[in-house]
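Novice: Numbering (our numbering), first residue to last: 157 to 311.
1) Please check the pair residue 234 and residue 216, which I expect to be a contact at CB under 8 Å, by giving their CB distance rounded to whole angstroms.
2) To which residues of the same chain is residue 223 closer than 6 Å at the C-beta, ignoring the five residues directly before and after it?
3) Could you give the distance in angstroms between the alpha-carbon of residue 295 and the alpha-carbon of residue 310?
4) Which same chain residues, not among the five before or five after residue 304, have their C-beta less than 7 Å away from its C-beta?
5) Under the rule that 16 or more other beta-carbon atoms within 10 Å means buried, what is residue 206, buried or exposed?
6) How many Å lie between residue 251 and residue 293 at the Cα?
7) How many Å lie between residue 178 and residue 262 at the Cα?
8) Let me know if residue 190 comes out buried or exposed under the rule of 16 or more other beta-carbons within 10 Å of its beta-carbon.
See below:
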């Protein structure tokens, strides 16, 4: 096994997600998402624009840096599928706000299973439940992407 793959697998397998749906567990999930995002994008602070990673025998993954500030980065992570009549479908499509000074990454919006999700929730939804769903999905997806050897660099 390649040294990089061994390193990625050891990191992703040693970062178990919290199981309790509490505010404290959600904050822990934000920390884990930050750790995994830093593995996926080791030069995140210097990135601007749109990037593509081929990974290992899978679909190309896209990351678009939407905002880059001193202490925060806002980005989109998505796949791009060909759709009917030449259109493209971008799904899942997750917007992530990274707080570099606090070492946390929060999924703030996304399109999951054809449904729009926003961290503030829709009428009748508990905000904690929506944030948990978005960030748990991001956590699992990041682990999968690292396992598929996706990585973003400036070159």
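All C-beta atoms, glycine included, are put in the ideal place defined by N, C-alpha and C.
Specialist: According to the structure data:
1) Position 78 of the chain shown, counted from the start, is the residue given in the question as residue 234. Position 60 of the chain shown, counted from the start, is the residue given in the question as residue 216. Under the criterion of beta carbons closer than 8 Å, residue 234 and residue 216 do not qualify as touching, at roughly 10 Å.
2) The residue you call residue 223 lines up with position 67 of the chain shown. Answer for residue 223: 230, listed in chain order.
3) Along the chain shown, one-based indexing puts residue 295 at 139. Along the chain shown, one-based indexing puts residue 310 at 154. Near 24 Å, if we compare the C-alpha coordinates of residue 310 and residue 295.
4) Taking the first residue of the chain shown as position 1, residue 304 is located at position 148. Cβ neighbours of residue 304 beyond the five flanking positions: 211, 212 and 214.
5) Position 50 of the chain shown holds residue 206. By the Cβ-count criterion, residue 206 is exposed, with fewer than 16 other Cβ atoms from all chains shown falling within 10 Å of its own Cβ.
6) Taking the chain shown and counting its residues from 1, one reaches residue 251 at position 95. Taking the chain shown and counting its residues from 1, one reaches residue 293 at position 137. If you take the alpha carbons of residue 251 and residue 293, they lie about 12 Å apart.
7) Within the chain shown, the letter at position 22 stands for residue 178. Within the chain shown, the letter at position 106 stands for residue 262. Roughly 15 Å separates the two Cα atoms.
8) Stepping through the chain shown from its first residue, residue 190 is reached at position 34. Taking all protein chains in view, the Cβ of residue 190 is crowded by 16 or more other Cβ atoms within 10 Å, so the residue is classified as buried.
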